[in-house]
Amino acid sequence: MEVTTRLTWNDENHLRKLLGNASLSLLYKSSVHGGSIEDMVGRCSRQGCTITMAYIDYNMIVAFMLGNYINLRESSTEPNDSLWFSLQKKNDATEIETLLLKTAPKIIDEQLVCRLSKTDIFIICRDNKIYLDKMITRNLKLKFYGHRQYLECEVFRVEGIKDNLDDIKRIIKAREHRNRLLADIRDYKPYADLVSEIRILLVGPIGSGKSSFFNSVKSIFHGHVTGQAVVGSDITSITERYRIYSVKDGKNGKSLPFMLCDTMGLDGAEGAGLCMDDIPHILKGCMPDRYQFNSRKPITPEHSTFITSPSLKDRIHCVAYVLDINSIDNLSSKMLAKVKQVHKEVLNCGIAYVALLTKVDDCSEVLQDNFLNMSRSMTSQSQVMNVHKMLGIPISNILMVGNYASDLELDPMKDILILSALRQMLRAADDFLEDLPLEETGAIERALQPCI
1 MEVTTRLTWN DENHLRKLLG NASLSLLYKS SVHGGSIEDM VGRCSRQGCT
51 ITMAYIDYNM IVAFMLGNYI NLRESSTEPN DSLWFSLQKK NDATEIETLL
101 LKTAPKIIDE QLVCRLSKTD IFIICRDNKI YLDKMITRNL KLKFYGHRQY
151 LECEVFRVEG IKDNLDDIKR IIKAREHRNR LLADIRDYKP YADLVSEIRI
201 LLVGPIGSGK SSFFNSVKSI FHGHVTGQAV VGSDITSITE RYRIYSVKDG
251 KNGKSLPFML CDTMGLDGAE GAGLCMDDIP HILKGCMPDR YQFNSRKPIT
301 PEHSTFITSP SLKDRIHCVA YVLDINSIDN LSSKMLAKVK QVHKEVLNCG
351 IAYVALLTKV DDCSEVLQDN FLNMSRSMTS QSQVMNVHKM LGIPISNILM
401 VGNYASDLEL DPMKDILILS ALRQMLRAAD DFLEDLPLEE TGAIERALQP
451 CI
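If you count by UniProt numbering, then the sequence shown holds residues 1 to 452, one letter each, in order.
Here you go:
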């Protein structure tokens, strides 16, 4: 008879993501294999990394992860890295809290005891009971401590990771940094409250990943992969309308303090792709949302929806040149000329700018171990240096991302790159706002000069 886990598909999926898409193999189930610690350790010794899970009730799981179940009866057991976590179901969502400790698990009086600095912090007791120290429950955001009855205890072998938990520690640190970036962006306010929302223009060749970047940002804040903006190919542009996208913090959350403005892709051929004469109007805020692009004819003041007196909030505050990192070295002379033409208009308007290099293959190689800066091996790549020379963009403003394209699940490493890029764009926009002339910042409510 096959032994099945008590884990739901959704909970197992959350766990696998937490562990870097590792696979789980059930080794022990207390209701099937016997409830004693001897039974459990006998089945789980020398199996590599294991997760021991206690199901407190139908909505709460407490678990810890060890490098190996060995030598638990030796009195001189040295503390080892262990990962502790809780899964709690709240409002149809699963919340995971994690904690990294160095603990020394032992079998004492037929109980599995985990100690930290000579203090018992966790015990699997007889009669389907566990004990949790207040320090553990506080860090895992559990609303109880002390002894508690559990419904079931299961142990899984974790396959696809190293026994020393180094990969897991990096994933946990990545999740923590990702959450700090999310908090920073949620708390962000544009410089001096001159505008309520920053407008970021995404411009670049067809198929470079402009629409995909918006989809990726929205996916992170919604907690799952989404695809609101239709994505094109590297041959023809799917984006035929100018779109000004806001992003909500969750499906029913408030709008975040930025907008991503998506354009038709640039095309090296004459009379194809985004019309170059549209660029000044977009930058100055004269083009309305959902305007239908015409590659051969720019918008004019005679157009019924043309914004003749745009205010500061209508203008572009930061431009992101979106470039496929795999195609930068092979840009045609005509495409390069168009990119430089756009850049000339951006410089004339005094608008902040960054470069966004997309389609990075391995996001984990881009960042240093602290996730704060790009690794030297990435910043010295020919593509980065070419963009630096081509547009004069400081290397600190040449950003790398791997957009969500064919992915089904979010990845914390990808999230970090996407959120770091977005934060850098917001900082660049703040520099633009801070540098505005005093007469302009003092007359925000006044209309700007007509955009004709």
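Beta carbons are placed, not taken as given, at the ideal position from N, Cα and C, and that holds for glycine.
Contact under 8 Å by Cβ, residue i with residue j
i: L391; j: M335; result: no
i: R157; j: L66; result: no
i: Y191; j: I56; result: no
i: R243; j: K284; result: no
i: D362; j: G209; result: no
i: I416; j: A174; result: yes
i: K129; j: Y145; result: no
i: E97; j: L165; result: no
i: P298; j: T308; result: no
i: G250; j: H222; result: yes
i: R46; j: N68; result: yes
i: V217; j: L260; result: yes
i: L410; j: I220; result: yes
i: G204; j: N215; result: no
i: I37; j: I107; result: yes
Residue environment, residue i, which counts as buried when at least 16 other CB atoms sit within 10 Å
i: W9; result: exposed
i: N403; result: buried
i: V3; result: exposed
i: L7; result: buried
i: L18; result: buried
i: Q383; result: buried
i: E445; result: Any reading at E445 is ruled out, since the residue's pLDDT is 44, under 50, leaving its predicted position unreliable.
i: T52; result: buried
i: G207; result: buried
i: V230; result: exposed
i: S420; result: buried
i: I395; result: exposed
i: G160; result: exposed
i: N348; result: exposed
i: S86; result: buried
i: L408; result: exposed
i: R126; result: exposed
i: residue 458; result: This structure leaves residue 458 out entirely; the chain is present only between 1 and 452.
i: P437; result: exposed
i: A447; result: For A447, the pLDDT reaches just 40, beneath the cut-off of 50, and the residue's location in the model is therefore unreliable, leaving the point undetermined.
i: H147; result: exposed
i: T305; result: exposed
i: D277; result: exposed
Bridge-paired residues (DSSP) for residue i
i: L347; result: According to DSSP, which records beta bridges pairwise, L347 is partnered with nothing at all.
i: P205; result: L266
i: Q111; result: I108
i: I61; result: Y55 and L87
i: D81; result: K102
i: M400; result: L357
i: K29; result: E154
i: K129; result: Q149
i: D120; result: R115
i: Y69; result: S45
i: I200; result: L260 and C318
i: S23; result: E159
i: T94; result: K89
i: T50; result: L66 and R157
Residue from the options with nearest C-alpha to residue i
i: D81; options: C49, M53 and Q88; result: C49
i: A58; options: N397, M65 and C153; result: Looking at the sequence provided, one finds Tyr at residue 58 rather than Ala. Of the listed residues, the one whose Cα sits closest to Y58 is C153.
i: L256; options: S208, V195 and P298; result: V195
i: L201; options: P105, I51 and M264; result: M264
i: A320; options: L140, E197, V339 and K89; result: V339
i: I418; options: F144, L357 and S23; result: L357
i: C286; options: V231, P310 and V322; result: P310
i: S295; options: G273, I307 and T305; result: G273
i: V401; options: V354, D430 and K389; result: V354
i: N386; options: S364, L87, P412 and D329; result: D329
i: K118; options: Q111, K102, I124 and K129; result: K102
i: E345; options: C318, S327 and V366; result: C318
i: E110; options: L100, I123, T98 and L116; result: I123
i: R138; options: N179, D430, W84 and I108; result: W84
i: D193; options: I279, L433 and L438; result: L433
i: K29; options: A54, L436 and N21; result: A54
i: R423; options: L410, L312, P437 and I398; result: I398
i: F213; options: A405, L15, V342 and G271; result: A405
i: G271; options: F293, K254 and V360; result: F293
i: A352; options: H14, D430 and E78; result: D430
i: E95; options: L15, D187, I282 and G268; result: L15
i: K313; options: H303, F258 and G268; result: F258
i: R115; options: L142, Q88 and F64; result: F64
Cutoff 8 Å: residue i Cβ touching any chain C Cβ
i: V384; result: Going by chain labels, chain C is absent from the structure shown, which holds only one protein chain.
Original post:
What are the uninterrupted segments assigned as beta strand (DSSP E) that are 3 or more residues long and contained completely in the segment 138-162, given in chain order?
Top reply: 146-149 and 152-159
Subject >> Whole beta strand (DSSP E) elements within the segment 210-294, 3-residue minimum >> reply: 243-248 and 255-262
**OP:** Return the chain-ordered ranges of every alpha helix (DSSP H) run that is complete within the segment 302-370 and spans a minimum of 4 residues.
**Re:** 333-349
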